[in-house]
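So the sequence shown is numbered by the working numbering: it starts at 254 and just counts up by one.
Don't be surprised by glycine CBs; every beta carbon is placed ideally from N, CA and C.
These notes concern the structure reproduced below.
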Amino acid sequence: MNAHQIVVTLVFLAVFSSTTAVADEWDKYKGNCDKVLTSHVSVTTLQLKQCVSMWIAYGNPKRVRARDKQALTNAFQSLYQQGIDISDEEAEFLAISAAGKINVRLKLSIRNEVSGSSFRGRTNTSRHHVSYSRASNRKRFVPPAVSSAMKKRAGVHVRKGVSFFKRGNRKAALAQYLKALDKDPGNLNALFNSAAEYAFMRNVQKCVEQLHKLVDIGGDKAFRYIGAARTDPDFDRIHDSIPYKRASGYARIKVVNSLGELGELEVDRISKTLARLDYAVASLGDDKQKNRESPVIWFKDASAPTAYLIKDVVVHPGTIMTKIDWDSEFDIIVSWGNKIVKKNGVRQPVRDYTKKKNLDPDKQMSQLRRRHEEVMRKPDDAARKVGRVVDTPKRAHDNVKRSIDRTKRTFDSVNRVFDKLSNPMK
């Protein structure tokens, strides 16, 4: 940007700041930013950041028409991708914040592992990336086709195994489950029961192998078994095992409320939704920090994929994700927050983000289950998505605040120049 362009930009910003009504300001002076936003591919990242930050400050979502919403979404998506490409956290955060104002969730494209541009300088994220890459390299289990006769024989062994289990002879039970798998390697019951026996024996490696096979087979029934692996007492002995957590999605979860009475319904909804997905909430409580304006999800490294799924359960587009960097008995802590405003003299949340047109609760749950299956199949992808935004919102927010403060100071400086030009005696 040359000196002339800078002067023009400063003059525009100064004039832009001179009006008082937020909606009127944008309506009257948005012309330049309209051009920038619609030409998002050809303008500089700095120009795009300036106009997106102005839209966050002065744009009125209620006045956005349907055709304009897509144009804005494209511009915000472009800024977000540029932020990833050049490791500009401020650009990423601005894009996400702007999209949130029009209730749009930006697409989080996965970076190529070789380029790794969005991971430069982030050691924590790189650790996520390395730790989960091994899981994606294992060979996928595809059960062979077997005859109905072999399936029946496998079923006989499973029933014998259950009988031994009920009598307390767990070694004999495991032997029968393994015989069932010799006959029918894809027998879901035998895979789960053998995984439970291995967990009871604290044989993490063998247990995880069976759980991986269930994930690879997929489908509702297989994932009900994976859910049972998070809640069945036989797996309690290996709850601290990282490979088990990655394979099953298990996490010790705490949900807290920062909004008091105004947040009780949402905390209840989140807890019940997690329970329906077979994620038991170990503890409920109140957040020590009150009146958070957005939810926060803290998580440990091994639980990054599960935290990614929980973000969809929380729903709020401004959800902040950050790592647990202190000693905690919990793998994931969720704090519910939302901006509170007064409407007709009554304090209430500014918006209910769970409301979606023509989407009933059962359909929402079905979508969550499909997302859960995707996360379990590709935990490394989920970890990378989380890793790209982990720990960044506060830093990015601070950067944005400093940027806005600088802009305001620029407005003031230019206005003083105008005053001197208009009133030489000052």
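Around the Cβ of PRO632, a 10 Å sphere holds 16 or more other Cβ atoms; the residue is buried.
Collapsing the DSSP output to three states places GLN429 in a helix. The region 286-302 and the region 343-350 touch, with no fewer than 3 CB-CB distances between them shorter than 8 angstroms. Going by DSSP, SER306 is part of the alpha helix (DSSP H) stretching over 298-311. Assignment of THR326 by DSSP, reduced to helix, strand and coil, places it in the helix class.
For the 7 angstroms CB-CB criterion, ALA433 and VAL415 do not form a contact. Short of 7 angstroms from the beta carbon of ALA443, and not among the five residues preceding or following it, lie these beta carbons of its own chain, in chain order: ALA407, VAL411, TYR430, ALA433, LEU434. DSSP places PHE583 outside both helix and strand once states are collapsed to three, so it counts as coil. For ARG529 against MET618, the beta-carbon gap comes to about 6 angstroms, under 8 angstroms, which counts as contact. Of all alpha-carbon atoms in LYS459, LEU512, ASN544, VAL508, the one lying nearest the alpha-carbon of LEU527 is that of VAL508.
ASP531 sits away from SER556, with the two beta carbons spaced by 7 angstroms or more. Burial state of ALA402 is exposed, judged by a 10 Å Cβ sphere holding fewer than 16 other Cβ atoms.
Between the region 574-593 and the region 535-546, the count of Cβ pairs shorter than 8 angstroms is three or higher; the stretches touch.
The beta-bridge partner set that DSSP reports for THR575 consists of TRP551.
For VAL567, the closest C-alpha among the options ALA500, PRO602, SER524, TRP579 is that of SER524.
According to the DSSP assignment, ILE495 belongs to the alpha helix (DSSP H) that extends over 495-501. Annotated three-state conformation of PRO602 is strand, per DSSP. Membership of SER536 in the beta strand (DSSP E) is indicated by the continuous run 534-539. Here the C-alpha atom of ASP565 lies approximately 26 angstroms from the C-alpha atom of ASP321. Here ALA351 is buried: its Cβ has 16 or more other Cβ atoms, across all protein chains shown, within 10 Å. Contact between the region 444-463 and the region 503-519 is not established, with fewer than three Cβ pairs separated by less than 8 angstroms.
With respect to the C-alpha of TYR561, the residue from LYS596, SER581, ARG624, GLN335 having the closest C-alpha is ARG624. Residue pairing from DSSP places ASN510 in a beta bridge opposite ASP539, TRP589. The C-alpha of LYS419 lies about 36 angstroms from the C-alpha of ILE563.
Under DSSP, the beta-bridge partners assigned to LYS596 are VAL599. Within the same chain, and ignoring the five residues on either side of ARG622 in sequence, the residues whose Cβ sits closer than 8 angstroms to its Cβ are ASP473, PHE476, LEU530.
In the three-state reduction of the DSSP assignment, HIS465 falls in the helix class. Going by C-alpha positions, TRP279 is about 25 angstroms away from GLY336. Judged by beta-carbon spacing, TYR478 lies beyond the 7 angstroms limit of PHE453, meaning their Cβ atoms are not closer than that value. Going by beta carbons, THR575 and ALA533 fall outside the 7 angstroms limit. Judged by DSSP secondary structure, ASP489 falls outside any alpha helix (DSSP H); it is assigned neither H nor E. Counting the other Cβ atoms within 10 Å of the Cβ of LYS466 gives 16 or more, which makes it buried.
Straight-line measurement puts the Cα of ASN422 at about 58 angstroms from the Cα of TYR333. Boundaries cannot be given for ALA398, as no alpha helix (DSSP H) includes it and DSSP labels it neither H nor E. In the DSSP assignment, ASP521 falls within the alpha helix (DSSP H) that extends over 517-529.
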